[in-house]
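Chains as they are written, first to last, in the numbering used here: chain A, 1 to 181; chain B, 182 to 746.
One structure below.
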C-alpha cells in the first residue's frame with residue numbers, strides 16, 4: 001500500500017472540515033489590470049452575500065497587474081468558498097490568504113480633530129505615543145496621520161475621539177508576507 | 182482585413198458552422214461580413230429565441246452554441262438566455278454589437294451596458310476596446326466557454342471597431358489565460374480514499390448530474406455503476422447520463438423525483454455526487470438532507486464542493502477522467518459481493534411499493550403522463566426532447582425514460598418558460614439527422630411562439646407537442662396545494678387557437694382530444710414534413726406527483742392520491 005492512503009477507510013472516521021475559521025482574514029489578490037475587474041469582484045461579493053470589511057486597490061511592480069487587498073470576517077463567511085468563487089473570475093490571477101503570524105499588515109488613517117490652542121499639546125502627545133504625525137494644522141483643527149495595524153488605528157481613534165473627532169479617513173489594510181519568499 | 186471579417190474567420194477557425202441571431206444598427210458590419218463568411222445564419226424572431234437556440238445547439242451536440250444580437254434591446258433580450266446558460270453550464274458564446282466607441286457612456290441610441298448587466302451570470306465577458314482584440318477575444322471566449330465547467334461568454338463589439346482594418350493572421354497556438362486553469366485529472370490519492378470508502382459502504386448511491394453529460398462521461402458512469410451494482414439516481418439535468426432502462430437506475434431524485442431515489446438518498450451511508458451541485462430542488466430541507474450519509478463529491482468546479490453540502494472526500498476533476506480511475510481503484514479492492522444485498526432488497530421493495538403512479542384517464546381523457554408515454558412510443562424513445570418549464574417538464578423527466586445522453590434538453594437551473602421551442606430549433610440545426618421534438622406547456626409555448634416563423638422560414642422541421650391543460654399548471658398546482666386553491670392569474674383562457682396559430686405561421690397544426698387517437702396523431706405529426714404543432718388537450722387539473730413539499734425533507738415525499746376503488 002502506498003504512503004498517504006490508509007488501508008481502510010471507515011465511513012465513521014470521515015469528517016467535513018469546519019467552514020468557519022472565526023478570525024479576520026486578509027486576502028491579497030493579484031488581478032489583471034483591466035476595466036471592470038473591480039466590478040466583477042464587488043459584484044461577486046454582493047451576489048453571494050459576502051461582506052467586505054476593508055478594500056484597498058493599487059498597482060504592483062508590474063503595470064499589467066493590480067493588487068486588491070481585502071479583509072473579511074472568517075467567523076461569518078466560509079473563506080474557502082470565498083476564495084474558490086474568486087478563483088472562478090478569469091481576471092483573478094492569484095489569491096493569497098495571508099497567515100496572520102507570517103504577515104505584516106498596515107493601514108493608514110487620517111484624523112481631523114478639533115484642536116483649540118490649549119489642548120494641542122495633549123493631542124501632539126497622543127500622536128507621539130502612537131508614532132503618528134501631525135500633517136496639517138489650522139486655526140481650530142489638527143490633522144494627524146497614523147500608520148499601523150487596524151487595531152492600532154482603532155486604539156488611536158478611541159483616544160482622540162473625546163477631543164472632538166471631525167473626520168476620519170482610512171485606507172483599508174494592505175499586507176505583505178514576512179521573510180524571504 | 183476588416184475586423185468584422187476577422188471575427189468571421191476566427192469563428193470559423195473555432196469550427197462554427199451555425200449562428201443564431203438578429204441584425205441591428207450596431208452589428209451591421211458583422212452582418213455584412215456574414216454574407217460572404219460561409220456560415221449558416223438562422224434568423225430568429227427574437228434575441229431570446231436566438232440565445233436559447235444556441236443553448237439547444239450546444240446541449241444536443243456538445244459544441245459551443247453561438248448567438249448574435251445588436252446593442253441595447255437586442256443585447257438585453259439575450260440576458261435571460263445568458264443567465265440560463267450559466268445556471269445549466271451550457272457552452273455558449275454571445276457576440277453583441279455595441280454603439281460606437283465615442284458614444285459609449287453617453288446614453289446613445291440603443292446603448293445598454295450589456296457587459297455590466299450580464300456580469301452576475303457570465304462565465305466571462307470581453308469588452309472590445311481595440312479592433313485587434315476581436316479575433317483574440319473570440320478564441321479566448323471559446324476556450325473559456327467550452328473547458329472546465331462550461332458556460333456562457335459574452336463578447337461586446339463596438340460598431341466602429343468592427344469596421345476598422347486590422348492585420349489578421351490565423352491563430353496557431355492554443356489559448357493560454359493566466360487566470361484560467363481548469364482542473365482536469367483528479368487527485369489520485371483522493372480517488373483511492375474514495376474507492377476504499379465505497380468498499381466499506383453498505384448503502385451507497387451514485388447521485389449524478391449534468392456534469393456527466395457535459396463531460397461525455399455516460400460510458401464511464403455505467404462502468405462505475407457496474408463495478409458493484411451501485412444504485413444510480415440523477416438530477417433533472419443529468420437524465421440520460423445513465424440509461425433509464427439500466428438495471429441500477431432508481432429514477433430521478435429531487436422535488437418530483439421517485440420515492441425510491443429520494444428515500445435512497447435519505448437512507449444512504451455514502452453518497453457519490455458526480456457532476457451535481459446539491460441544488461435546493463434536490464436536497465429539500467437542507468438541514469434534514471441525507472442525515473446518515475458521508476459525501477464523496479466529484480466536480481470539475483472546485484467552488485461547488487462543500488458549497489451547499491459538506492464533502493467528506495472532495496475530488497476536483499473532470500468526471501470523464503476521475504470515474505475510470507475510481508472504477509479501477511475500486512475493482513482492485515477486495516470487497517464482499519453480498520455486501521449490498523440488503524440495500525438492494527430495500528430499494529427493490531420501495532420500487533415495488535412506490536412506483537410512479539397516475540390514475541388512468543377515463544372516457545378518452547388524456548392524462549398528461551399518458552401523453553409522455555405515448556410520445557415515448559411514437560418516437561421509439563430515441564428522440565431529442567426539449568421542454569419548457571413546469572408540470573409537463575417534470576412529467577417528461579419522469580415518464581420519457583431517457584436512455585442516452587444529450588437526448589433531454591430543458592431549462593433546469595433558471596427554469597425559463599419559453600425555452601422549449603427555440604432550444605428545439607437549435608438542437609435540430611445541430612443534429613439534423615435526429616428526430617427533435619419539443620414537449621411544450623401552453624403557459625410556456627406562447628412566450629417564444631414567434632420562433633414558429635423561424636422554423637417555417639429556415640425550414641427547421643421540429644415537432645411541437647403541446648401539453649395543453651389551459652393553465653400555468655405548476656403554479657396552479659402550488660396554488661391548489663399550498664394556497665387554499667385560490668387561483669390567481671394561472672388560467673390561460675381560450676386564446677390562442679393553437680392550430681390556427683401554427684397554420685398562420687405556415688406550419689402544420691393538429692389537435693388531439695381523445696386518448697385513443699393520441700399515438701396515431703403523434704406518429705402522423707412525426708411523419709409530416711416541416712414543422713408541426715400538435716395541440717393535445719390533456720386533463721386540466723392533474724397534479725404532478727410524487728412531490729417533496731417546499732421546505733420539507735425528502736422522506737416526507739407526498740405521493741399521488743389513489744382513487745377509492
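In this text, a Cβ means the ideal position worked out from N, Cα and C, and glycines have one as well.
Can you tell me whether residue i is helix, strand or coil according to DSSP?
{"i": "residue 320 of chain B", "result": "helix"}
{"i": "residue 746 of chain B", "result": "Only weak support is given to the placement of residue 746 of chain B: the predicted model assigns it a pLDDT of 44, under 50, and the question is left unresolved by the model."}
{"i": "residue 630 of chain B", "result": "coil"}
{"i": "residue 126 of chain A", "result": "helix"}
{"i": "residue 192 of chain B", "result": "helix"}
{"i": "residue 624 of chain B", "result": "helix"}
{"i": "residue 218 of chain B", "result": "coil"}
{"i": "residue 638 of chain B", "result": "helix"}
{"i": "residue 135 of chain A", "result": "strand"}
{"i": "residue 347 of chain B", "result": "coil"}
{"i": "residue 1 of chain A", "result": "Legend: pLDDT at residue 1 of chain A = 42, less than 50; position of this residue unreliable, value from coordinates given subsequently. In this structure, residue 1 of chain A counts as coil in the three-state DSSP scheme."}
{"i": "residue 526 of chain B", "result": "helix"}
{"i": "residue 254 of chain B", "result": "helix"}
{"i": "residue 156 of chain A", "result": "helix"}
{"i": "residue 32 of chain A", "result": "strand"}
{"i": "residue 12 of chain A", "result": "helix"}
{"i": "residue 20 of chain A", "result": "coil"}
{"i": "residue 480 of chain B", "result": "strand"}
Would residue i and residue j be called neighbours here (beta carbons separated by less than 8 angstroms)?
{"i": "residue 334 of chain B", "j": "residue 552 of chain B", "result": "no"}
{"i": "residue 674 of chain B", "j": "residue 571 of chain B", "result": "no"}
{"i": "residue 473 of chain B", "j": "residue 727 of chain B", "result": "no"}
{"i": "residue 725 of chain B", "j": "residue 660 of chain B", "result": "no"}
{"i": "residue 60 of chain A", "j": "residue 107 of chain A", "result": "no"}
{"i": "residue 154 of chain A", "j": "residue 168 of chain A", "result": "no"}
{"i": "residue 617 of chain B", "j": "residue 643 of chain B", "result": "yes"}
{"i": "residue 632 of chain B", "j": "residue 603 of chain B", "result": "yes"}
{"i": "residue 414 of chain B", "j": "residue 431 of chain B", "result": "yes"}
{"i": "residue 478 of chain B", "j": "residue 454 of chain B", "result": "yes"}
{"i": "residue 412 of chain B", "j": "residue 584 of chain B", "result": "no"}
{"i": "residue 555 of chain B", "j": "residue 620 of chain B", "result": "no"}
{"i": "residue 173 of chain A", "j": "residue 56 of chain A", "result": "yes"}
{"i": "residue 723 of chain B", "j": "residue 548 of chain B", "result": "yes"}
{"i": "residue 251 of chain B", "j": "residue 289 of chain B", "result": "no"}
{"i": "residue 575 of chain B", "j": "residue 599 of chain B", "result": "no"}
{"i": "residue 505 of chain B", "j": "residue 340 of chain B", "result": "no"}
{"i": "residue 393 of chain B", "j": "residue 422 of chain B", "result": "yes"}
{"i": "residue 280 of chain B", "j": "residue 188 of chain B", "result": "no"}
{"i": "residue 647 of chain B", "j": "residue 688 of chain B", "result": "no"}
Residues of chain B with a CB under 7 angstroms from the CB of residue i: which are they?
{"i": "residue 35 of chain A", "result": "308"}
{"i": "residue 91 of chain A", "result": "360"}
{"i": "residue 40 of chain A", "result": "300"}
{"i": "residue 57 of chain A", "result": "What residue 57 of chain A touches in chain B: nothing, since even the nearest Cβ is about 17 angstroms away."}
Starting from the beta carbon of residue i, find every residue of chain A whose beta carbon is closer than 7 angstroms, and list them in chain order.
{"i": "residue 331 of chain B", "result": "Result: empty, since nearest Cβ-Cβ is about 13 angstroms, beyond 7 angstroms."}
{"i": "residue 305 of chain B", "result": "90"}
Please list, in chain order, the chain B residues whose beta carbon lies closer than 8 angstroms to that of residue i.
{"i": "residue 25 of chain A", "result": "The premise fails here: residue 25 of chain A is roughly 17 angstroms from chain B at the closest Cβ pair, so nothing lies under 8 angstroms."}
{"i": "residue 11 of chain A", "result": "378, 381, 382, 450, 451 and 475"}
{"i": "residue 14 of chain A", "result": "378, 475, 493 and 494"}
Name the chain A residues whose beta carbon is nearer than 9 angstroms to that of residue i?
{"i": "residue 634 of chain B", "result": "Simply none; closest approach about 36 angstroms."}
Give the interface partners of residue i over in chain A, defined as CB-CB distance under 8 angstroms, in chain order.
{"i": "residue 301 of chain B", "result": "43 and 47"}
Below 7 angstroms, is the gap between the Cβ of residue i and the nearest heavy atom of the ligand ZN?
{"i": "residue 72 of chain A", "result": "For the structure depicted, the ligand ZN is absent and the ligand set is empty, with no information on it obtainable."}
Since residue i meets chain B, which of its residues come closer than 9 angstroms, beta carbon to beta carbon?
{"i": "residue 77 of chain A", "result": "Ordered by position in chain B, no residue passes the 9 angstroms Cβ test against residue 77 of chain A, which lies about 13 angstroms from the chain."}
- Task: Using a Cβ-Cβ cut-off of less than 8 angstroms, list which residues of the segment 425-450 of chain B approach chain A; keep chain order.
- Result: Residues of the segment 425-450 of chain B with a C-beta atom less than 8 angstroms from some C-beta of chain A are 450, listed in chain order.
- Select from the segment 359-389 of chain B all residues with a C-beta closer than 7 angstroms to any C-beta belonging to chain D, and list them in chain order. Absent from the structure: chain D. Protein chains present are A and B.
- Message: My parser needs the alpha helix (DSSP H) runs of 4 or more residues fully inside the segment 491-520 of chain B; what are they?
- Response: 500-512
- Message: To test your reading of the DSSP string, which unbroken beta strand (DSSP E) runs of 3 or more residues are found completely within the segment 392-448 of chain B?
- Response: 413-415 and 430-433
- Item | chain A contacts made by the segment 272-299 of chain B, where a contact means CB separation under 9 angstroms | 296 and 297
- Message: Any C-beta of chain A within less than 8 angstroms: which residues of the segment 500-521 of chain B qualify?
- Response: Cβ contacts with chain A: none found.
- Proximal residues, the segment 487-499 of chain B versus chain A, C-beta separation under 8 angstroms: 487, 488, 491, 492, 493 and 494
- Contact list for the segment 456-484 of chain B against chain A, Cβ threshold 7 angstroms: Within the segment 456-484 of chain B, the residues whose Cβ lies closer than 7 angstroms to any Cβ of chain A are, in chain order, 475, 483 and 484.
- Runs of alpha helix (DSSP H) lying entirely within the segment 70-103 of chain A, each at least 4 residues, in chain order: 79-87
- Task: Could you run through the segment 316-348 of chain B and flag, in chain order, every residue whose CB is less than 8 angstroms away from some CB of chain A?
- Result: Answer set for the segment 316-348 of chain B: 325.
- Task: Could I get the ranges of all uninterrupted alpha helix (DSSP H) runs contained in the segment 268-340 of chain B, with 4 residues as the minimum, in chain order?
- Result: 295-299 and 314-327
- Message: List, from N- to C-terminal side, the alpha helix (DSSP H) runs of 4 residues or more that fit wholly inside the segment 669-701 of chain B.
- Response: 679-686
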